[in-house]
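Presented below is the structure to which this report refers.
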């Protein structure tokens, strides 16, 4: 659904693309905004939080060895985080957005983004600790 909404928004809003940056970056920003709006709508309705595209083990590149196992462990740990925390981690750590940019996309404050990121990182450290990690894949 978010992908379709993103596509429609890109088609409707292409005239607003000023060319200051890359088209791919602009489309990523539209997609991130649509995904966050979907999360906000679900949270407001009290629906279960879902964020399928952020950590999809089926979409991971196949590989062997410790790196593949680490990736599976990370994906499993990310799956245990609330959708909002996963979104903030993705936007900040992977996409490189600032807390101010995330705040605008989420309709929240930069402090909200910072606290979500700090809590999510702390929870990931707990989930990926050696004792927890060994039991997570059995």
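Residue numbers (this note's numbering): 103 to 240.
Cβ coordinates follow ideal geometry from the N, Cα and C atoms, glycine included.
- Within the same chain, Cβ atoms closer than 6 Å to the Cβ of residue 133 are found at 108, the five residues on either side in sequence being excluded.
- From the listed residues 110, 194, 224, 121, the smallest Cα separation to residue 179 is found for 224.
- Per DSSP, residue 206 is one residue of the alpha helix (DSSP H) stretching across 201-208.
- About 6 Å separates the CB atoms of residue 183 and residue 222; that is less than 8 Å, so the two are in contact.
- Within a 10 Å sphere around the beta-carbon of residue 231 sit fewer than 16 other beta-carbons, which makes this residue exposed.
- The straight-line gap separating the alpha-carbon atoms of residue 207 and residue 138 is approximately 7 Å.
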